[in-house]
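Working notes, structure below.
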Amino acid sequence: MPRRLALLLAAIAVAVLIIFLPRRAPAPTAPSAVPSPAPSLPSATATAPPAIKVAATTATEPEEISAAINLNAPGGTIGGDLEMLNTVFTDWRLNFPRIGNPWGENVEITTMLTTPTVRGASHFPRTHPAINSAGELCDRWGTPFHFHAISGTRMEIRSAGPDKKFGTADDAVLTPP
Amino acid sequence: MNPKNLPHDPTRRKFLGACCASVGATGMLSALAQLRLTGAIANAENGTRVAGATAPDYKALVCLFLAGGNDANNLIIPLDSSATGYQAYATGRGTLALPQTGDAKLNVKTSDGHDYRFHPAMTGARDLFNSGQLGVIANVGTLAVPTTKAQYNARSVPLPFQLFSHSDQQVEWQSSIADKPFVTGWGGRIADVTDSLNSNNSISMSISLNGQNSFQVGNRVAQYSVSTNGSIALSSSTGATGTNLQAIRTQAQKDLLVAQNNNLFETAFGGMTSNAIADSDLLATILAANATLPFTTTFPTSSLGQQLKTIARLIAAAAGTATAGPSLSGLKRQIFFARIGGWDLHAGQVNAGDHTLGAHANLLGDVSNSLSAFYNATSQLGVANQVTTFTASDFGRTFNTNGDGSDHGWGSHHLVMGGAVKGGDIYGKMPTWTGDGTGPDDTGRGRWIPTTSVDEFSATMATWFGVSATNLPLILPNVGRFAKPNLGFL
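As given, the protein sequences belong to chains A and D, one line each in that order. Per the numbering used here, numbering of the first sequence is gapless, rising by one per residue and ending at 185. Per the numbering used here, numbering of the second sequence is gapless, rising by one per residue and ending at 534.
Written out as C-alpha cells, the structure is:
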C-alpha cells in the first residue's frame, strides 16, 4: 500500500510539473540587466536617472528576433515604426495575458521589453541602436517615444516627429482600436 | 503494529479525504463570507431593520470624478521661498510651473513648515478652505498594501494592477480594490449596506449624473442614471396621457413589460424596464413640481455646474426641502456621481505665455466655481452638514515634464467639501521633490507613491455615512492593511 501511495504522489508531482512549469512566466519586474548603451542616441530628457538600476549585458544572453528588429531602419517610415512597436506590445500581451501591457515610463517599459523571458528570448533586443544611453526607446530622430497607457491592453505610441517636440503638427501617433 | 495505524501515516483514502475537505472548506468559507455580507445588508447599520423605520438623519455622498488624471501638482503649490518650497517646485515643474506671486495663501491649520495656495483659478475653493468647509487630502492613491520606495523598486510587494493606465486606474479608484479584478464599486457596496436605512425606495439611492460608472456598481442596489435635465424617459412616454395614440402605445408597452412570462430572464428584464419607466415618471413629476428652485444660488452653465445643480435639486426632494408636490422623503441616504473629463492634457496643460491660463486652469476654475455654488446651495437648503463631496481621479501626474507635458503618475491630492468636513487643513503628507529622484515617495520624475490609500480615504467617508466598524471591511476589504481607517477629516 505505501508503495502504491508513493507511486500516486509521484504521478501527481509529475503532472503538476508538466502543467505548471512551461507556463511559468516572469512578472514584469525590475530586470537584472540593463540595455546596453547606444552611443549614437543621447538621452532626450534632462530628468532624474531611471529608478530601476540594472547591470550590463552579457554576451551569452540569447535574444529573439523581435517584431521591431527593423525599428528606425533607413528607408523606413515613422508609421511603419509605430506599427512594429504595436506588434511588440501585442506579442507581449500574448505572452503575459494576465498582466497586460508593460507599464511605467519609457525606460521602465523598455527594460521590461528587453528582459529575457524564461525561454531566454526578449521582446526587443537590448542592444538595439534605438535604445539610448538612458535606456529609453527612441524614434528615428532620437527622441524617446511617449507610451500613453489608455488601458491594460491599449497602448498609444507617440513620436515627437522630426522637430523633436511633442504637441506639434509633425507628431506621429498610433492609437490602437 | 499495523503500519496503517501509525498516527501520521498517510493513506490514499486519507489523502483524498483531506483534499476533498480542503476543497469543501474553501467553498464553505466563501459561502460564509457571502452570508456575512447578506446579513449586513439585511440589517440596518443601527440594528435590525424594522418596517417603516427611518434613519435619524439625511446624508448624501457626492463623488466628483476628474476623468483623465488631474495634475494636482498645480492644484496646490508651495509658496514659501525655502529650498524645498517654491524654488524646488519651480525648478521641478519647469514649463508647467505657476508663478510664486498672485493669489492669497491658504490658512492651513496644521502647518508642515510650508505655505501653500491653490491654483489662481480656484478662488471659490480657496474661500471654502479658509472658512473651514473644504480640506485637502495629500498624496492619496491606489495601493494594494502600504508600499515604500524600496519595495516598489524591488517589486517585493503587490502593486496595483496596471499602474498608470487610464481605464484600469479609474476602475481601481472606484472599486478601492487594486489587486483584484473589478466586481463592485465602493459606493455601490456602501449603498448595499445602507439602503435599508431608506424607507422610500421608489428611486435608487445611487444616482449618476454622468452615465454608468464603476463607483456605484453594487450587488443589490442598482445605479440610476439621470441627465442634467432630470429623468431620461422613453420618447414615446413623453406627454402620453389620455386616449391619444401615443398614450395607448405607452400603456400597451407597460402592460407587456409587467406581463408574466415563462422565461425568468424575460420576466426579470420586463420588471427592470418597467421599474425604470416608473422611476423616470416619478422623477419627472417631482422635478416638474419643483420647477421653482428651492435655492437661489447661480450655478455655472458648464456640464459640471449643471450636474451639481441637478444633484442639489434631488437632495432637496429627498431631504424634505423641496418647495411643493411629491418628494423623495424617506430616502435618508443618497450617493451621487458626477464627472468632468478632459484632464489628460499632457503638452496642452498651460498657455506658454501665461501659465496661470490654459486648459488646466479652465478645468480647475470650473471645479472650483461649481463646488462653491453647490456648497452654497446645500447651505440654503439647510443640509450643508449632511452632504459631503469629494474629488477622485485616475491618478496624479509626474512632477516634471517628459517633453510632452506631465505624464501619468500615481498619488495625487484631492478635495473634500461639506459642512461636516474639518476643513482648512491638509490631511496626509505632501510629497517632497528633491530634483534628483531621491525623495522618499518619488519613483522617478515626481511620480509619487501614495502615502494615503484610497481605502483610508473612502473608509473615512463610509464611516461618516453610517457604516459601522464591523461592516467596514465588507465595504473595503483591504482597509485593515493600512494604518488609518479614519483620516479624521470628518
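By construction, the Cβ of each residue, glycine as well, lies at the ideal position given by its N, Cα and C atoms.
Considered as a whole, the stretch 107-177 of chain D harbours 120-122, 160-162 as its complete beta strand (DSSP E) runs of no fewer than 3 residues, in chain order. Look at Ala180(A): its C-beta is not under 8 Å from any C-beta on chain D. Between the alpha carbons of Asn114(A) and Leu207(D) lies a distance of about 14 Å. In this structure, Phe434(D) places its C-beta atom within 8 Å of the C-beta atom of His458(D). For Asp448(D), the chain A residues whose Cβ falls inside 8 Å of its Cβ are His154, Arg166, Ala168, Phe174, Gly175, in order along the chain.
Nearest to Val227(D) by alpha-carbon distance, out of Ile519(D), Ser456(D), Gly426(D), is Ile519(D). One Cα belongs to Ser318(D), the other to Gly138(D), and the distance between them is close to 57 Å. Against chain D, a Cβ distance below 7 Å from Ser130(A) picks out nothing, because the smallest value is about 18 Å. When Cβ-Cβ separations below 8 Å define contact, Ala363(D) makes no contact with chain A. A straight-line Cα-Cα distance of about 57 Å links Ile77(A) and Thr514(D). Each residue's CA atom was taken as its position, placing Ser416(D) and Gly349(D) some 10 Å apart. Taking 8 Å as the threshold, the shortest C-beta distance from Ile158(A) to chain D falls below it. Residue environment: Ile120(D) is assigned as buried (16 or more neighbouring CB atoms within 10 Å of its CB, all protein chains considered). If the five residues before and after Asp325(D) are omitted, its C-beta is found closer than 6 Å to no C-beta atom of its own chain.
In the DSSP assignment, Arg441(D) falls outside any alpha helix (DSSP H) and lies within the beta strand (DSSP E) extending over 441-445.
Interface with chain A (8 Å Cβ-Cβ cutoff): Phe439(D) is excluded. Burial is judged here by how many other beta carbons sit within 10 angstroms of a residue's own beta carbon; Asp147(A) has at least 16 and is buried. When the five nearest sequence neighbours on each side are left out, the beta carbons in the same chain lying within less than 8 Å of the beta carbon of Ser209(D) are those of His452, in order along the chain. Counting along the chain, the unbroken alpha helix (DSSP H) around Met316(D) starts and ends at 308-333.
Taking the CA atoms as reference points, Leu16(A) sits about 30 Å from Val126(A). Glu144(A) carries a coil assignment under DSSP once its states are collapsed to helix, strand and coil. If you check each beta-carbon in the stretch 98-131 of chain A against every beta-carbon of chain D, the ones closer than 9 Å belong to Ile107, Gly108, Asn109, Trp111, Gly112, Glu113, Asn114, Val115, Glu116. In the three-state scheme derived from DSSP, where H, G and I count as helix and E and B as strand, Thr435(D) is classed as strand. At a cut-off of 8 Å between C-beta atoms, Leu207(D) counts as an interface residue with respect to chain A.
Assignment of beta-bridge partners to Lys103(D) by DSSP yields Arg377(D). In the three-state reduction of the DSSP assignment, Glu113(A) falls in the coil class, being assigned neither a helical nor a strand state.
With the criterion set as a beta carbon lying under 9 Å from some beta carbon of chain A, the members of the stretch 389-406 of chain D are His390, Ala391, Gly392, in sequence order.
Within the stretch 370-389 of chain D, no residue has a Cβ lying closer than 7 Å to any Cβ of chain A. Where His390(D) is concerned, there is no enclosing alpha helix (DSSP H), because DSSP gives it neither an H nor an E. Residue burial annotation: Gly385(D) is exposed, with fewer than 16 other C-beta atoms found within 10 angstroms of its C-beta. With a threshold of 16 other beta carbon atoms within 10 Å, Lys353(D) meets it and is buried. Looking only at Gly447(D), Met505(D), Thr272(D), the smallest Cα-Cα distance to Asp171(A) is reached by Gly447(D).
Of all alpha-carbon atoms in Asp239(D), Ser271(D), Gln256(D), the one lying nearest the alpha-carbon of Arg264(D) is that of Asp239(D). By alpha-carbon distance to Ala527(D), the top candidate from Gly136(D), Ser243(D), Val498(D) is Val498(D). Within chain A, the residues placing a beta-carbon under 7 Å from that of Asp212(D) are Ser159, Gly160, ordered along the chain. Ala182(D) carries a strand assignment under DSSP once its states are collapsed to helix, strand and coil.
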